[in-house]
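Enquirer:
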Amino acid sequence: MSEVARFIVEYTRFLDPNGELQRDLPAFARHTSELRDLYQQMIWVRLFDYKAVTLQRTGKLNTYASTLGQEAISVGIGSSMQKEDILCPFYRDYAAQLMRGVKMSEILSFWKGNEWGNHFSQCPADFPICVPIATQLLHAAGVATAFKLRQQARVVVTTCGDGATSEGDFYEALNIAGVWQLPVVFVINNNQWAISVSRRHQSHAQTLAQKAIAAGIPGEQVDGNDLIAVKFVLDRAIDNARAGRGPSLIEALSYRLCDHTTADDATRYRCKKEVQHAWEEEPLIRLKKYLIQQKSWSDEEEEDFKKQCTVSIEKSVIEYLSLPKAAITDIFDYQYAKLPHELIEQRIEAEALFKLSQGLR
Amino acid sequence: MAEITLIEAITQALRYEMSADKEVVLLGEDIGRNGGVFRATVGLFEKFGADRVLDTPLAESMIAGLAIGMATQGLKPVAEFQFMGFSYPALDQIINHAARLRNRTRGRLHCPLVFRMPYGAGIHAPEHHSESTEAIFAHIPGLRVVIPSSPARAYGLLLAAIRNPDPVIFLEPTRLYRLNKQKVEDTGVALPLDQCFVLREGSDITLISWGAMLHETLLAADRLLKEKGLSAEVIDVATVKPLELNTILTSVEKTGRCVIIHEAARYCGVGAEIAAQLSEKAFFFLQAPIQRVTGYDVTVPYAQLEKQYLPSVTRINNVIEQTLEFA
């Protein structure tokens, strides 16, 4: 018997949960001003997230999927991508979406059940949040195919959760990305829970990153709560993809501090102790500690910044709440490029009933 | 102008449109050097190269998802599923995404793509190679389902499907692939989608069909004329979704009698939809109940019994006679 292949899966971390450096910082992180900006992005999205949950609890939003505790992954993605790149996200990437120009009012609109929330007036090429698990990875591969065929130096980043790695589309996307050496980066937000199914029950594989090995593409793990590490591995993966060196898979280890969605109650299936422990490792505290240590941040600055965020978020909420209600005719008008004859009659009927109901109100 | 088969007409349309529009890209299993299992793409890899004719790994959901992503970037992918029975892993992508992307982004992103697939029974193929499940696709808002029944319509409708800005399910009846030849001008002229074709005018009864069953339907019309001296109007629905009812309605208002023929199982078949719409809109013109001649509501049998499963000319004529005799 002889050995035919051997694989390793690397893990990257710079900052431990206490904000202590584990290894020399990469070049970008030596500028504390940049780290400060990234830290502020995390605060911003966390406050937005809290606000969205509050809106849901007070009846001003329908079911909402929180991103609490996973901000570093999404901020890393948002900061590593170029404007001309395309994001095919799952539903916990508000930070990346916001950084790329999606409006808060659009994200809120989406979760209020209005398709106009996917219209992305300031970010016209990105994909909307994808709900059917792992299907977006194939769209990303398709977009990357177009980039490659057209010889454009553009990259697609697509995201999914740990549960998605059990789906067929996950493997199919990795496989084609490998065969065609597509400019795509797959990011797994491994937050340990797929609704109520724990990581241990999702896969017997030691890491999710190793699933890349079967597709012949690089796969690595990163501490998803260490923003510096996330950005470091993402920059490298995106550079590789842009330079024609092919796709990669990044498994970012984090924890879902929130429920699956506002319709879920995670206390039914996981213990308090585990969540308490996860709070000690969450991404904001460690970077804050480090920045304070570097004299680049203070509690006072944080309070001031949070106030600014709150003002801006409240403004977006007002914008969201004052958006026009969805029009019934819209459900017909975007089904096809041109309204088919068979739909004209139904459209007239629905519009008449809609007007009648509006009048009765 | 040479006479060509339906499958050659498909190749001709693909070749024409790939020459005319560099955004048209083919993808599928074995479509490259092999030219496709039915040879629909024969010669195209050699003519247009590996960047226009993409041989994919064996994964149907992937083919569909990839085509969706490509289409959002302005490419016009024409994806081939090897047989309709193998398109089902792609249903998630087709139903949840291809059909919905325009609507869910309110027109921001859309999917100008074609999913081609051979379909139907009658060629002694192995298990799972004889499906006729057009109703599954026809049920989905946002999709178009187009079925040619002759070389000329295969050419013209496929061109129209590729040029259409929305996803089109293009079903190619395997039984007709090499059954007949016809002169087809290669001038790039498309036929209209969302429109029925009156294949034969008549005054005594309306026969409605699509795909391979038009072969038997036309023979049944011949027999009716020869044996009874009665004329049937034969309509090829061609686009089963969205359905253009006007042509059908005009005909049924004239003849007062109607038989719908399809090889798919009867229950919730497209024939049921046509019958329902006719009962709503042509009730006072009907002189007899609308009848259907269809595949039975059973799993399409293996090759030994597929001929008995498919509606035969005799079965169609029997039902035509019942419908005509109804007082």
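Those protein sequence lines, which keep their order, are chains A and B.
Add 245 to the 1-based position in the first sequence for our numbering, that's all there is to it.
Add 4 to the 1-based position in the second sequence for our numbering, that's all there is to it.
Note that the Cβ used here is the ideal one computed from N, Cα and C, for glycine as well.
If you're wondering where the values come from, they're calculated on a predicted model, not measured in any experiment.
1. Nearest CA to the CA of B/C200: which residue from B/V241, B/L180, B/H133?
2. List the residues of chain B that A/P377 touches, going by C-beta distances under 8 Å, in chain order.
3. Anything in the segment 68-87 of chain B with a Cβ closer than 7 Å to a Cβ of chain A? List those residues in chain order, please.
4. Closest by CA to B/F90, which one among B/G233, B/V188, B/H133, B/M74?
5. By the 10 Å Cβ neighbour count, where 16 or more other Cβ atoms means buried, how is A/E545 classified, buried or exposed?
6. Residues of chain A with CB under 9 Å from B/R261, in chain order?
7. On the CB-based measure, 16 or more other CB atoms within 10 Å of its CB, does A/N263 come out buried or exposed?
8. Whose C-beta lies closer than 6 Å to the C-beta of A/T257 among residues of the same chain, with five residues either side of it excluded?
9. Do B/G36 and B/A54 have their beta-carbon atoms positioned less than 8 Å apart in this structure?
10. Below 7 Å between beta carbons is the criterion; list the residues of the segment 137-164 of chain B that meet it against any residue of chain A, in chain order.
11. If you follow the beta strand (DSSP E) that B/K245 is part of, which residue opens it and which one closes it?
12. Cβ of A/T312 versus every heavy atom of the ligand GDP: is any distance shorter than 7 Å?
13. What span of residues does the alpha helix (DSSP H) with A/K357 cover, start to end?
14. Tell me which residue opens and which closes the beta strand (DSSP E) that B/I239 is part of.
15. Should B/G89 be flagged as near chain A, meaning a C-beta pair shorter than 8 Å?
16. Could you name the residues of the segment 163-179 of chain B whose beta carbon sits closer than 9 Å to any beta carbon of chain A, in the order they occur along the chain?
17. Would you say A/T404 lies against chain B (beta-carbon separation less than 8 Å)?
18. With a threshold of 16 other CB atoms inside 10 Å of the CB of A/S350, please say whether the residue is buried or exposed.
19. Alpha carbon to alpha carbon, how far is A/Y295 from A/H505? Give it in angstroms, no decimals.
20. So the candidates are A/D471, A/E412, A/F577, A/G461; which of them puts its Cα closest to the Cα of A/Q447?
21. Output the distance between the C-alpha atoms of B/T298 and B/I212, rounded to the nearest integer angstrom.
22. Please check if any C-beta of chain A sits within less than 8 Å of the C-beta of B/S235.
23. Given 8 Å as the limit, is there contact between the segment 424-432 of chain A and the segment 343-361 of chain A, that is, 3 or more CB pairs closer than that?
24. For my contact list, A/F259 and A/L270 are in at a C-beta cut-off of 8 Å; report their separation, rounded to the angstrom.
25. Three or more C-beta pairs under 8 Å: does that hold for the segment 447-462 of chain A against the segment 81-96 of chain B?
26. Is B/P196 close to chain A, meaning its C-beta is less than 8 Å from at least one C-beta of that chain?
27. My assumption, with CB atoms under 8 Å, is that A/I462 sits in contact with A/A422. Please give the rounded CB distance.
28. How about A/L383 and A/A340: are their beta carbons less than 8 Å apart?
29. Return no unless some Cβ of chain B is closer than 8 Å to the Cβ of A/A422.
30. Relative to the alpha-carbon of A/G469, which residue among A/R445, A/V432, A/A439 has its alpha-carbon at the smallest distance?
31. Given that a residue counts as buried once 16 or more other Cβ atoms are within 10 Å of its Cβ, and exposed if not, what is B/E189?
32. What does B/S65 touch in chain A if you count any residue whose Cβ is under 9 Å from its own?
Expert: Considering the structure as presented:
1. Of all alpha-carbon atoms in B/V241, B/L180, B/H133, the one lying nearest the alpha-carbon of B/C200 is that of B/V241.
2. Identification of chain B residues near A/P377 by a Cβ-Cβ cut-off of 8 Å yields D96, N100, H101, ordered along the chain.
3. Those residues of the segment 68-87 of chain B that come within reach of chain A (Cβ to Cβ, closer than 7 Å) are G69, L70, A71, I72, G73, M74, T76, Q77, L79.
4. Between B/F90 and the set B/G233, B/V188, B/H133, B/M74, the nearest pair of CA atoms involves B/H133.
5. With fewer than 16 other Cβ atoms within 10 Å, it is exposed.
6. What B/R261 touches in chain A: nothing, since even the nearest Cβ is about 24 Å away.
7. By the 10 Å Cβ count, A/N263 comes out exposed.
8. The residues are V467, A474, V478.
9. Yes. Within cutoff.
10. Correct list: P145, G146.
11. Taken as a continuous stretch (DSSP letters only), the beta strand (DSSP E) holding B/K245 covers 243-245.
12. By its list of ligands, the structure shown contains no ligand whatsoever, and the ligand GDP lies outside what it can speak to.
13. Where A/K357 is concerned, there is no enclosing alpha helix (DSSP H), because DSSP gives it neither an H nor an E.
14. Bounds of the beta strand (DSSP E) holding B/I239 are 236-240.
15. B/G89 does not count as touching chain A.
16. Closer than 9 Å at the C-beta level to chain A, one finds these residues of the segment 163-179 of chain B: N168, P169, D170.
17. For A/T404, the answer is no, since every Cβ of chain B falls outside 8 Å of its Cβ.
18. A residue is called buried when at least 16 other Cβ atoms come within 10 angstroms of its Cβ; A/S350 meets this threshold and is buried.
19. Near 14 Å, if we compare the C-alpha coordinates of A/Y295 and A/H505.
20. For A/Q447, the closest alpha carbon among the candidates A/D471, A/E412, A/F577, A/G461 is that of A/E412.
21. C-alpha of B/T298 to C-alpha of B/I212: approximately 12 Å in a straight line.
22. False, the Cβ-Cβ gap to chain A never drops below 8 Å.
23. With the cut-off at 8 Å, the segment 424-432 of chain A and the segment 343-361 of chain A do not touch.
24. Sure, about 6 Å apart at Cβ, within 8 Å.
25. Verdict: no, contact absent.
26. Not an interface residue.
27. Cβ-Cβ separation between A/I462 and A/A422: approximately 6 Å, consistent with a contact (criterion under 8 Å).
28. It is not a contact, given that the beta carbons lie outside the stated cut-off.
29. Closer than 8 Å to the CB of A/A422 there is not a single CB belonging to chain B.
30. Comparing alpha carbon positions, the residue from A/R445, A/V432, A/A439 closest to A/G469 is A/V432.
31. Per the 10 Å Cβ criterion, exposed.
32. Within 9 Å Cβ-Cβ: T380, L383, G413, D414, E417.
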